[in-house]
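In what follows, a structure is listed as structure tokens, so that the remarks can point back to it.
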């Protein structure tokens, strides 16, 4: 199901005819490597997030950080980052907000983010 969602979303992002008006929900990647799991106790559904490009990232030049109150909680999944970076670079305004927070095993959290391209 995840692969299907990514492939649908990638088609939407790369569609040249798209009016850049779309909504998609994605999971935040890398929570366990940053403060995402700790901050998940403070973050609430509906909170606004900031997306920041990180072209100097040593692992992915297309990396897009997901920030909450100037704290990095993780990244947009790599499978989508390049296309989202292109949209942002082309001037598309993308709003991001928390849609869902779930506990998973070993004290970890799972955070779903809604990305919405604004006209």
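In our numbering, the protein residues as written are 20 to 138.
In this text, a Cβ means the ideal position worked out from N, Cα and C, and glycines have one as well.
With respect to the C-alpha of residue 137, the residue from 128, 107 and 64 having the closest C-alpha is 107. Using a Cβ distance threshold of 8 Å, residue 68 and residue 103 do not count as a contacting pair. Of the residues assessed, residue 93 falls on the buried side of the cut-off, its CB having 16 or more other CB atoms within 10 angstroms. Around the beta carbon of residue 48, 16 or more other beta carbons sit within 10 angstroms, so the residue counts as buried. The alpha carbon of residue 115 has as its nearest neighbour, out of 100, 132, 99 and 128, the alpha carbon of 132. When the beta-carbon positions are compared, residue 62 and residue 120 come within less than 8 Å of each other. At least 8 Å separates the beta-carbon of residue 70 from that of residue 130.
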